[in-house]
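Asker: Take a look at the following structure, please.
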Amino acid sequence: MPVPALAARLIVDTAALIANWRAFAKASGGAIAGAAIKADGYGLGAPGVMAALAGAGCREFFVAHWGEVAALAPLPSGVRVAVLHGVADGEMATAMASPARPVLVTARQVAAWKPTGRICDVMIDTGMNRLGLTPAEALSGLLDGLDLDTLHSHLACTEVPSHPLNAAQRDAFAALSGRIPARRYALANSGGVCLGPDYCFDLTRPGVGLFGGGEGPGGTPLAPVARISAPILQIRDIPAGASVGYAATFTAQRPMRVAVAALGYADGYPRSASGVISSPSGALSSASGAIGSAAGRGSGSVGGIACPLIGRVSMDLTTFDVTDAPGAVEGGWIDVDFDLAATALASGRTQYELLTGLGARYARIYR
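Position 145 of the sequence shown, counting from 1, maps to 154 under the working numbering, and the rest follow consecutively.
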């Protein structure tokens, strides 16, 4: 979809992205750190994310399906890509023509791929009961004759480090790695790397952590990677008593300047950031500050001056109180708070959902 001329900007801090990847690479110890860039690079634009990380030395990338590989063409020199969903019926010709390799996830896929003689990975389920061969299938001789690059499994409970399934999966995978010949073994995603070197094996697959989601290794904070800036389409001067937005949920208790910005829930900005009804005393009952503040509502800033979100977030537009921000002008920009952890807390959505929900209408800018 063409980016609108007056599109909100999704600004990707490539230095922060690289710093986060290097933190996971260091914590991976002797293992190689790759990067999961599925879902269009967790919403930030997979080609731009790949270019930045490849320039920093990342050579192993993971996507969900073959269409995501096509969007990355041409691949940077020396880069390898694995497709985590394997090869479905009807995808064999695409897979054979692709520079990427499949991660085979079912016995049917293994049987279809084996006659090609081509390199592949295999996923084994060690307790998540999602994609992957069962250990019994993997040990049955089914994999004999495969040119097996990497044997994978996936951890289910890394958000709770003390969960007993983490160690159980690690031990099960370690036992399988001693019985199934492969060039490399890979278990850990972002949270898995944070569990420690025993989970890292030969190759790690950090994903959301690269983009500032969750905690970093050792509980250290990760650098925020994405920020949003929206164009101001109109400045309105409204009198006391005027309402703003759908359902008139906000009523001004004093004369105000209101900025109407080109940003809405169609862009992935959460409707739960909407402002609420002002109090009879004249103070806003949604406090100025980031989503996740005591009031749990959204805000922006112009020239470093906080501008509370007022009224409801609508499909394409959001309104801000810019009374105290003289730098807010039509044709100017407002920086919109998008702290991942705080926004997730306020919206009831995960950080994964917030990132991957960022829409196609943004002008993605890599700095």
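Using N, Cα and C, we set each Cβ at its ideal position, and we do this for glycine too. Because the structure is a prediction, the values reported are computed rather than measured.
For a test of the three-state rule: what should DSSP assign to residue 100, helix, strand or coil?
Answerer: Within the sequence shown, numbered from 1, the residue matching residue 100 stands at position 91. Looking at residue 100 - three-state DSSP - the assignment turns out to be coil, as it is neither helix nor strand.
Asker: What do you reckon, are the CB atoms on residue 21 and residue 278 nearer than 8 Å?
Answerer: As a first step, residue 21 is located in the sequence shown; it is residue number 12 there, counting from the start. As a first step, residue 278 is located in the sequence shown; it is residue number 269 there, counting from the start. Against a cut-off of 8 Å, the Cβ pair of residue 278 and residue 21 comes out as no contact.
Asker: Taking DSSP as the reference, what is the three-state secondary structure of residue 156?
Answerer: Translated into positions along the sequence shown, residue 156 becomes position 147. DSSP places residue 156 in strand when its eight states are reduced to three.
Asker: Just verifying my parser: in three-state terms, what is the DSSP assignment at residue 362?
Answerer: As a working note, residue 362 is residue 353 in the sequence shown. Helix at residue 362.
Asker: Is the stretch 251–267 in contact with the stretch 215–234, if contact means three or more CB pairs nearer than 8 Å?
Answerer: Taking 8 Å as the limit for Cβ pairs, the verdict is that the stretch 215–234 does not touch the stretch 251–267.
Asker: Among 143, 114 and 96, which one has its Cα closest to the Cα of residue 125?
Answerer: Working through the sequence shown from its first residue, we reach residue 125 at position 116. For the residues 143, 114 and 96, the minimum Cα distance to residue 125 belongs to 96.
Asker: Report buried or exposed for residue 186, applying the criterion of at least 16 other Cβ atoms within 10 angstroms of its Cβ.
Answerer: By one-based count along the sequence shown, residue 186 stands at place 177. Buried, since its Cβ has 16 or more Cβ neighbours within 10 Å.
Asker: How should residue 100 be labelled, buried or exposed, when 16 other C-beta atoms within 10 angstroms of its C-beta is the threshold for buried?
Answerer: Taking the first residue of the sequence shown as 1, we reach residue 100 at position 91. Buried.
Asker: Which residue's Cα is closest to the Cα of residue 117: 134, 109 and 98?
Answerer: One-based indexing of the sequence shown puts residue 117 at position 108. Considering only alpha carbons, the answer is 98.
Asker: Less than 7 Å between C-beta atoms, sequence neighbours within five positions excluded: which residues of the same chain meet that for residue 61?
Answerer: Mapped onto the sequence shown, residue 61 falls at position 52. Around residue 61: 23, 26, 27 and 375.
Asker: Please classify residue 226 as buried or exposed, where buried requires at least 16 neighbouring CB atoms within 10 angstroms.
Answerer: Walking along the sequence shown from the start, residue 226 turns up at place 217. It counts as buried.
Asker: Give the straight-line distance between the Cα atoms of residue 130 and residue 55, rounded to the nearest whole angstrom.
Answerer: To locate residue 130, count along the sequence shown from 1; it is residue 121. To locate residue 55, count along the sequence shown from 1; it is residue 46. One C-alpha to the other measures close to 21 Å.
Asker: Pull up the distance between the alpha-carbon of residue 247 and that of residue 283, whole angstroms please.
Answerer: Locating residue 247 in the sequence shown gives position 238, counting from the first residue. Locating residue 283 in the sequence shown gives position 274, counting from the first residue. Approximately 19 Å between the Cα atoms of the pair.
Asker: Where residue 216 and residue 121 are concerned, what is the direct C-alpha to C-alpha distance, given to the nearest angstrom?
Answerer: By 1-based counting over the sequence shown, the position of residue 216 is 207. By 1-based counting over the sequence shown, the position of residue 121 is 112. Answer to the nearest angstrom: the Cα atoms are 29 Å apart.
Asker: I'd like the list of long-range same chain contacts for residue 368, defined as Cβ closer than 8 Å, with 5 residues on each side in sequence excluded.
Answerer: Within the sequence shown, residue 368 is the residue found at index 359, counting from 1. Hits under 8 Å: 275, 276 and 277.
Asker: How would you label residue 219, buried or exposed, when you count the other beta carbons within 10 angstroms and need 16 or more for buried?
Answerer: For the purposes of this step, residue 219 is taken as the residue at position 210 of the sequence shown. Buried, because 16 or more other Cβ atoms sit within 10 Å of the Cβ of residue 219.
Asker: Rounded to the nearest angstrom, what separates residue 203 and residue 69 at their Cα positions?
Answerer: Stepping through the sequence shown from its first residue, residue 203 is reached at position 194. Stepping through the sequence shown from its first residue, residue 69 is reached at position 60. Going by the C-alpha atoms only, they are around 19 Å apart.
Asker: Write down the C-beta distance between residue 309 and residue 344 rounded to the nearest angstrom, noting that I regard them as a contact closer than 8 Å.
Answerer: As a working mapping, residue 309 is identified with position 300 in the sequence shown. As a working mapping, residue 344 is identified with position 335 in the sequence shown. So it is a contact: roughly 6 Å between Cβ atoms.
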